[in-house]
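S.K.: The following block contains the structure, expressed as structure tokens.
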Amino acid sequence: MSLPSKPLLHTYRAPWVVPVVSPALPDGAVVVDNKSIIAVGEYSDISRQYPDIPVSFCSGILVPALINSHIHLELSIYGVVHPPTQTGNMCDWIKALLQIRENAVFSPGEIRAAAKKMARKQYDSGIGLMLDIGNIDLGMFHSCPVEIHSLYEMLGPSEDATQAAIAAIADLPVELSVTAHAPYSTSAKLLEFIKNRCRKHGQLFSLHLAENLDEGLLLSKGTGCFAQFLKDRTGSDSPFPIPGIDSSTVVGYLQQLGIIDSKTICVHCVHLSDEEIKIIADSGAHVCLCPGSNKFLSVGTVRLQTLLDHGILPALGTDSIASNPNIDLWQEMALLQEEHPGVSSENIFSMATIGGARAIGREIEYGSLEAGKTARFLHIQGVEFEDVANPEQLFECLVMNGQPDSVKWL
Ligand SMILES: [Zn+2]
32 MSLPSKPLLH TYRAPWVVPV VSPALPDGAV VVDNKSIIAV GEYSDISRQY PDIPVSFCSG
92 ILVPALINSH IHLELSIYGV VHPPTQTGNM CDWIKALLQI RENAVFSPGE IRAAAKKMAR
152 KQYDSGIGLM LDIGNIDLGM FHSCPVEIHS LYEMLGPSED ATQAAIAAIA DLPVELSVTA
212 HAPYSTSAKL LEFIKNRCRK HGQLFSLHLA ENLDEGLLLS KGTGCFAQFL KDRTGSDSPF
272 PIPGIDSSTV VGYLQQLGII DSKTICVHCV HLSDEEIKII ADSGAHVCLC PGSNKFLSVG
332 TVRLQTLLDH GILPALGTDS IASNPNIDLW QEMALLQEEH PGVSSENIFS MATIGGARAI
392 GREIEYGSLE AGKTARFLHI QGVEFEDVAN PEQLFECLVM NGQPDSVKWL
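Residues 32 to 441 in the numbering used here are what the sequence shown lists, from first letter to last.
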């Protein structure tokens, strides 16, 4: 029988420490034991509290691990799928992606190897936790230090596809979290079935929604590019609008199906009305933004300030490499800042950390530097970070200058 290991206390001191949930600390320090953070504070206080433990001086900024709240690792092997032409639309991009997947001859081992390589790249860029959505079970990535929360995604726009999906789900182990793709690709019946399964097992539900205007057209009028796309794929006319369900807005429709609650992550959310934002805010549902993918697909920009005004702190995701060649959360932060110069950099950094932790339900361990949380955090270093004079500059510098090369894991 092995004895429990003795706590190995250590202090990391830096010119700036970013707890995220409390003000940034000049000349701050983080005390850790083997796996947990014990204390965070100004170094003068920490050194009095913990006088006899080793201290490492870090020249840059200490921040919590970043959280990528939306990625599809299984698509990594296919690379970038070129965006629609000027006259195209998102349906053209989806068709191109489906064709590439259907024509590809990669083995499961090759798909898995590319996914693992991408997961490692994410870790190297400072991602400690990610929410991965996929249509195949990639299994565990042993020896890959990033923590991956996986959701198995199903879709089924027609009655036949819905019945097939429900039968397939019945054969899955309950520990495997199942989620749905999007309102345009998943019938009302299948959305309700999957959400009920999630509710029964206390599991997270994530859904692409309001990513582009055609989704709203399909739901409200049964028109737009998705109506034709689905007819081509399934041979059936659109079921929308569905008698007895008001689908004049995407979120209103999902609310009637019982989808919008505190264990749901609404991904993209580019085209939301005030009323829809209020429904999300009142329900406690989470929002995950993917600005790089939105830009790549030219679907529009989110109403970030309105989301914040309603008390919603979104999470951030890269989405897959198919719609985001950079797939780098630092670039997502910088892009969001460029698109929304009036939003504070501190808010944007919070989205990539505590926003993600809350959305994925892992706030106890991730998202901030606080006593009790996991001792996996980042030392951000480089000449750009050496002359930071105040918290405002600090967050601006992190959001605009941070990059994978700035990251050293502690
Ligand atoms: Zn996605």
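C-beta atoms are modelled at their ideal positions from N, C-alpha and C, and glycine is treated no differently.
Just mark A420 as buried or exposed, buried being the case when its beta carbon has 16 or more other beta carbons within 10 Å.
M.R.: exposed
S.K.: Report, in whole angstroms, the separation of the C-beta atoms of H173 and V298, which I expect to be a contact under 8 Å.
M.R.: Actually they are not in contact, since the Cβ atoms of H173 and V298 sit about 28 Å apart, beyond 8 Å.
S.K.: To the nearest angstrom, how far is the alpha carbon of M382 from that of A388?
M.R.: 9 Å
S.K.: Under three-state DSSP, which class holds M32?
M.R.: With a pLDDT of 49 at M32, under the threshold of 50, the modelled position of that residue is not reliable, and no figure is offered here.
S.K.: Rounded to whole angstroms, how far is the Cβ of I98 from the Cβ of T384, which I believe are closer than 8 Å?
M.R.: Indeed they touch by this definition, with Cβ atoms about 6 Å apart.
S.K.: Who are T408's beta bridge partners in DSSP?
M.R.: For the sequence presented, residue 408 should be read as Phe rather than Thr. DSSP output for F408 lists P95 as bridge partner(s).
S.K.: Does the beta-carbon of D436, which I'm using as the reference point, lie nearer than 7 Å to any heavy atom of ligand 1?
M.R.: no
S.K.: Go through its chain and collect everything with a Cβ distance to P139's Cβ below 8 Å, but skip five positions before and after it.
M.R.: I167
S.K.: Determine, using beta-carbon pairs with one atom in the segment 120-131 and one in the segment 153-161, whether at least three such pairs fall under 8 Å.
M.R.: no
S.K.: DSSP on V48, reduced to helix/strand/coil?
M.R.: strand
S.K.: Give every residue of the same chain whose Cβ lies closer than 8 Å to the Cβ of A213, excluding the five residues on either side of it in the sequence, and list them in chain order.
M.R.: L186, L238, H239, L240, E242 and E246
S.K.: From the DSSP output, in three-state form, read off G27 for me.
M.R.: There is no way to answer for residue 27, as the model of the chain reaches only from 32 to 441.
S.K.: By Cβ distance, which residues of its chain are closer than 6 Å to F426, with the 5 residues on each side in sequence left out?
M.R.: The residues S376, E377 and F380, in chain order, have a CB closer than 6 Å to that of F426 in the same chain once the five nearest residues on each side in sequence are set aside.
S.K.: Quick one: grab the DSSP three-state call for G348.
M.R.: It is coil, neither helix nor strand.
S.K.: The beta strand (DSSP E) spanning T295 covers which residue range?
M.R.: T295 to H299
S.K.: At a threshold of 7 Å, does D350 count as lining ligand 1 (C-beta to nearest heavy atom)?
M.R.: yes
S.K.: What is the DSSP secondary structure of L441, reduced to helix, strand or coil?
M.R.: coil
S.K.: Between M121 and V330, how many whole angstroms is the CB-CB distance? I'm expecting something under 8 Å.
M.R.: Between V330 and M121 the Cβ distance is about 6 Å, and since that is below 8 Å, they are a contact.
S.K.: Taking the alpha-carbon positions, what's the S90 to T42 distance?
M.R.: Their backbone Cα atoms lie some 14 Å apart in a straight line.
S.K.: Nearest to I291 by CA position, among A150, K226 and V209, is which residue?
M.R.: K226
S.K.: Does the structure place the segment 67-82 close enough to the segment 394-409 that three or more beta carbon pairs sit under 8 Å?
M.R.: In short, these stretches touch, since the Cβ pair count reaches three.
S.K.: How would you label Q336, buried or exposed, when you count the other beta carbons within 10 angstroms and need 16 or more for buried?
M.R.: exposed
S.K.: Rounded to whole angstroms, what is the Cα-Cα separation between E370 and Q194?
M.R.: So the two alpha carbons sit approximately 42 Å from each other.
S.K.: How long is the line joining the alpha carbons of M171 and R79, rounded to whole angstroms?
M.R.: Cα to Cα, the separation comes out at about 43 Å.
S.K.: Would you tell me roughly how many angstroms separate the C-alpha atoms of V438 and A365, rounded to the nearest one?
M.R.: 16 Å
S.K.: Could you pull out every residue in the same chain whose Cβ sits closer than 6 Å to the Cβ of D163, ignoring the five residues on either side in sequence?
M.R.: Take D163, set aside five residues on each side of it, and the residues of its chain with a beta-carbon closer than 6 Å to its own are I102, L104, I179 and S181, in chain order.
S.K.: Can you tell which of I125, A127, M149 and V209 has its C-alpha closest to the C-alpha of L360?
M.R.: M149
S.K.: Assuming A312 contacts I343 under a Cβ cut-off of 8 Å, what Cβ separation, rounded to an integer in Å, is found between them?
M.R.: 5 Å
S.K.: Tell me whether H103, by its Cβ, gets closer than 7 Å to a heavy atom of ligand 1.
M.R.: yes
S.K.: Name, in chain order, the residues that DSSP records as bridge partners for L56.
M.R.: V48
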